[in-house]
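Visitor:
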Amino acid sequence: QPKLRLPPRPFPSLPLLGDVVHFREYRRTLSLDSLRKMLGPIFTLYVGNMPIIYVTSAALAREALIEKGALFAARPRLPTNPIFNKNFRTISSATYGHHWRIMRRNLVQEMMSISKIRSFKTIRQKVVDDLFVHIATESRQDGGFVSLYPNLRMAMFQLLLVICFGFEFSQDAAQQVSSLIDEMLKMALGSLLNFFPLLRVFSGNRRKQLLPIRAREVQMHVSHIEKRKELAKLGELVAGSYLETLLHMDAGTNLSTEDLVSLCTEFLVGGIDTTVTRFEWAMACLIADPQIQDKLYAKIHDRVGDRHVEETDLPNLPYLQAVVKETLRLHPPGHVLGDFDIPTNAIIQFHIVSMSRDDTIWDEPLKFKPERFLVSDVDITGTKQVKMIPFGAGSRICPGLGLASIHLELLIACLVQKFSWTNVSGNPLDLAEKQVFTIRLKTPLRVLVQERVTG
Ligand code: HEM
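Under the working numbering, the first residue of the sequence shown is numbered 2, with each subsequent residue one higher.
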């Protein structure tokens, strides 16, 4: 192999191990941020014999993702991927090519149009009403306290399962899907096999662990597909589900039952944890700064009065939209965006928090300040400029952006309108982060809620 001219690196790495022995040191003293200050906006770290190139500047991200988008639209074929993604047939794992294009087009055109998103309004309202009941019941039973994350996650499962399969799930059935997806995510993420080719002699063991989980996933979703068939005969389906669009796709697409299973799981994984954890961050920031929470409540009240917030109110609530954007800026779902194949065996990662917390772009970048979005119009898709790209940018930008924005805005508006949220621990709210698929709060929110008196 010709010697690569790679971006600078902090240490000479050890044979076979790469920089891995330095990782504890990085974590203790050298954050990626300090490496950026030391080495510049692009640098290389080695894990095993694989170079990982970190891009931390908005300008370089724009050049790569927008100006040279096609080059960065590929995805690496990591050895842990094929089982859960059915040989790279899902949208997120597919190679940039024909299959990816038609599957993505189906998702965007058939599920993400404004009219389609609105068509699920009734089910969203029902999920919000059920959530109110759960929160009120839990707070009565627990001295006014509520654990937000589990309530929110269950609500989001109930919602996305209907949009995905076209019928309502009982709490138990939704819980079963949620537990299996948790198990899959734990097994699929962060495998050392991806980075240390020598360890691949052990990949047989890993397959043995993954295959039974995959078998349960297939069995579970096949039973959902069968149930959908039965309900269709009885005329009892919610029209327009994701599964329905997949079943109506051109026969030339050749989707097998296993493909359908993987695509439905992808829809749920893509749409649930990303949104729920952003929601938890938003609430944490509103609780940590009661003045912002009060201001948001007042803006909602000014606009809608004592009736419930409805989806048609959302475009008229700019401060709510600013709260959502500020949450996505300060707490995007991951610190790095995707792994992109570039020539040779290198992986390139876009370190998106470096951009959205960059003090040359943002005034007081670490402060939660929704007002910043009221004075300037920031494009969060990266099309006009890259300042923050929580949904990615370029050809592989998140296709669920519109749906996720409605879910976040609606849930925050409804919960802030209905309840006031307080931290009564006497200590400042702990906003430390941890990564579990997405970045979430290390200490889950358990806070005091009080129903607001209206009228
Ligand atoms: C707050 C919520 C969400 C955030 C922050 C988010 C963020 C992201 C990000 C950063 C990517 C990777 C982009 C890349 O690799 O360049 C992505 C991809 C994707 N997301 Fe989302 N997402 C959210 C909600 C959703 C929803 C609601 C759905 C669908 C129901 C969804 C489906 C997908 C899919 C299918 C991909 C793969 C796209 C491709 O590779 O072409 N996401 N998302």
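Built from N, CA and C at the ideal position, the CB exists for glycine as well. Note that the structure is predicted; figures quoted are calculated from it, not measured.
(1) How about the segment 114-127 and the segment 290-297: do they share at least three Cβ pairs that are nearer than 8 Å?
(2) Thinking C-alpha only, which one of Pro213, Ile214 and Ser263 is nearest Ile226?
(3) Near Glu383, which residues of its chain fall below 8 Å by C-beta distance, leaving aside the five closest residues on each side in sequence?
(4) Ignore the nearest five residues each way along the sequence and tell me which others in Phe170's own chain have a CB closer than 8 Å to its CB.
(5) Count the other C-beta atoms from every protein chain shown that fall within 10 angstroms of the C-beta of Arg279, then say buried if there are 16 or more, exposed otherwise.
(6) Cβ-heavy atom distance between Ala391 and ligand 1 below 7 Å?
(7) Alpha carbon to alpha carbon, what distance is there between Gln110 and Val219?
(8) Leaving aside the five residues before and after Phe73 along the sequence, list all residues of the same chain whose C-beta is less than 7 Å from its C-beta, in chain order.
(9) Cβ-heavy atom distance between Pro445 and ligand 1 below 7 Å?
(10) Check each candidate in Lys370, Trp363 and Lys388 and name the one with the smallest Cα separation from Phe351.
(11) Taking 8 Å as the threshold (C-beta atoms), are Ala283 and Val325 in contact?
(12) Three or more C-beta pairs under 8 Å: does that hold for the segment 265-278 against the segment 435-446?
(13) Taking Leu375 and Pro319 to be in contact with their CB atoms under 8 Å, please state how far apart those CB atoms are, rounded to whole angstroms.
(14) Taking the alpha-carbon of Leu321 as reference, which of Lys127, Leu33, Ala299 and Val270 has the nearest alpha-carbon?
(15) Have a look at Gln386, Lys209, Glu139 and Tyr243 and flag the residue whose alpha-carbon is nearest the alpha-carbon of Arg106.
(16) Quick one: any contact between the segment 233-251 and the segment 125-142, if contact means 3 or more CB pairs under 8 Å?
(17) Look up Pro8 in the DSSP assignment and say whether it is helix, strand or coil.
(18) Which residue from Pro371, Arg453, Phe44 and Leu153 puts its Cα closest to that of Gly306?
(19) Across which residues does DSSP place Pro52 in a beta bridge pair?
(20) Heavy atom of ligand 1 less than 7 Å from the Cβ of Cys265, yes or no?
(21) Once DSSP output is grouped into helix, strand and coil, what is the label at Pro344?
(22) Can you tell me which of the three DSSP states Leu199 falls into?
(23) Provide the residue(s) that pair with Glu312 in DSSP beta bridges, ordered along the chain.
(24) Have a look at Thr45 and Ile348 and give me their C-alpha separation to the nearest angstrom.
(25) Count the other CB atoms, across all protein chains shown, that sit within 10 Å of the CB of Ser426; report buried if there are 16 or more and exposed otherwise.
(26) Classify Ile407 as helix, strand or coil using the three-state DSSP reduction.
(27) Pick out whichever of Ile301, Val239 and His309 has its Cα sitting closest to the Cα of Gly124.
(28) Under 6 Å Cβ to Cβ from Arg154, same chain only, skipping five residues before and after it: list those, please.
(29) For Cys415, is the beta carbon positioned less than 7 Å from some heavy atom of ligand 1?
(30) Quick one: grab the DSSP three-state call for Lys435.
(31) Would you say Arg208 touches ligand 1, meaning its beta carbon is less than 7 Å from a heavy atom?
Guide: The short version:
(1) no
(2) As a working note, residue 226 is residue 225 in the sequence shown. It is Ser263 whose Cα lies nearest to the Cα of Ile226.
(3) If you number the sequence shown from 1, residue 383 lands on position 382. Note on identity: in this sequence residue 383 is Gly, with Glu being the wrong assignment. For Gly383, where only same-chain residues beyond five positions count, the Cβ hits under 8 Å are Ala62, Arg63, Leu66, Ile67, Ile390, Gly393, Ala394, Gly395 and Ile398.
(4) Locating residue 170 in the sequence shown gives position 169, counting from the first residue. The residues are Phe158, Gln159, Leu162, Val163 and Val178.
(5) Within the sequence shown, numbered from 1, the residue matching residue 279 stands at position 278. When all chains shown are included, Arg279 counts as buried.
(6) On the sequence shown, position 390 is the one that residue 391 refers to. Residue identity check: residue 391 is Pro in the sequence provided, not Ala. The answer is yes for Pro391.
(7) For the purposes of this step, residue 219 is taken as residue 218 along the sequence shown, with counting starting at 1. For the purposes of this step, residue 110 is taken as residue 109 along the sequence shown, with counting starting at 1. So the alpha carbons of these two residues sit roughly 26 Å apart.
(8) Walking along the sequence shown from the start, residue 73 turns up at place 72. Closer than 7 Å at Cβ, skipping near neighbours: Ala65, Leu66, Phe341 and Gly395.
(9) On the sequence shown, position 444 is the one that residue 445 refers to. For ligand 1, not one heavy atom lies less than 7 Å from the Cβ of Pro445.
(10) Residue numbering aside, residue 351 sits at position 350 when the sequence shown is read from its first letter. Of Lys370, Trp363 and Lys388, the residue nearest in Cα terms is Lys388.
(11) Counting from 1 along the sequence shown, the entry for residue 325 is found at position 324. Counting from 1 along the sequence shown, the entry for residue 283 is found at position 282. In contact: Val325 and Ala283 (Cβ atoms closer than 8 Å).
(12) yes
(13) Here the question's residue 375 lines up with position 374 in the sequence shown. Here the question's residue 319 lines up with position 318 in the sequence shown. Contact flag correct, Cβ pair sits at about 6 Å.
(14) To locate residue 321, count along the sequence shown from 1; it is residue 320. Cα-wise, what sits closest to Leu321 is Ala299.
(15) Indexing the sequence shown from 1 puts residue 106 at position 105. Ranking Gln386, Lys209, Glu139 and Tyr243 by Cα distance to Arg106 puts Tyr243 first.
(16) no
(17) By 1-based counting over the sequence shown, the position of residue 8 is 7. It is coil, neither helix nor strand.
(18) Position 305 of the sequence shown, counted from the first residue, corresponds to residue 306. Cα-wise, what sits closest to Gly306 is Arg453.
(19) As a working mapping, residue 52 is identified with position 51 in the sequence shown. DSSP output for Pro52 lists Tyr47 as bridge partner(s).
(20) Taking the first residue of the sequence shown as position 1, residue 265 is located at position 264. No, the beta carbon of Cys265 sits no closer than 7 Å to any heavy atom of ligand 1.
(21) Your numbering for residue 344 matches position 343 in the sequence shown. Residue placement at Pro344 is poorly supported in this model, since its pLDDT is 46, which falls under 50; the coordinates still yield a value, given next. The answer is coil: DSSP assigns Pro344 none of H, G, I, E or B.
(22) To locate residue 199, count along the sequence shown from 1; it is residue 198. Since pLDDT at Leu199 reaches only 48, below the 50 mark, its modelled position is unreliable, and no value is offered.
(23) Here residue 312 corresponds to residue number 311 of the sequence shown, with the count starting at 1. In the DSSP output, where bridge partners are listed per residue, Glu312 has none listed.
(24) Taking the first residue of the sequence shown as 1, we reach residue 45 at position 44. Taking the first residue of the sequence shown as 1, we reach residue 348 at position 347. Using only the alpha carbons, I get a separation of about 10 Å.
(25) Within the sequence shown, the letter at position 425 stands for residue 426. The residue is exposed, with fewer than 16 neighbouring Cβ atoms inside 10 Å.
(26) Locating residue 407 in the sequence shown gives position 406, where the first residue counts as 1. In this structure, Ile407 counts as helix in the three-state DSSP scheme.
(27) Indexing the sequence shown from 1 puts residue 124 at position 123. One point to set straight first is that residue 124 is Ile, not Gly, in the sequence displayed. Comparing Cα-Cα distances from Ile124 to each of Ile301, Val239 and His309, the minimum goes to Val239.
(28) Along the sequence shown, one-based indexing puts residue 154 at 153. Same-chain partners within the cutoff: Val277.
(29) To locate residue 415, count along the sequence shown from 1; it is residue 414. Not so, every heavy atom of ligand 1 lies at least 7 Å from the Cβ.
(30) For this step, residue 435 is matched to residue 434 along the sequence shown. It is a strand residue.
(31) Taking the first residue of the sequence shown as position 1, residue 208 is located at position 207. Arg208: no, Cβ never under 7 Å from ligand 1.
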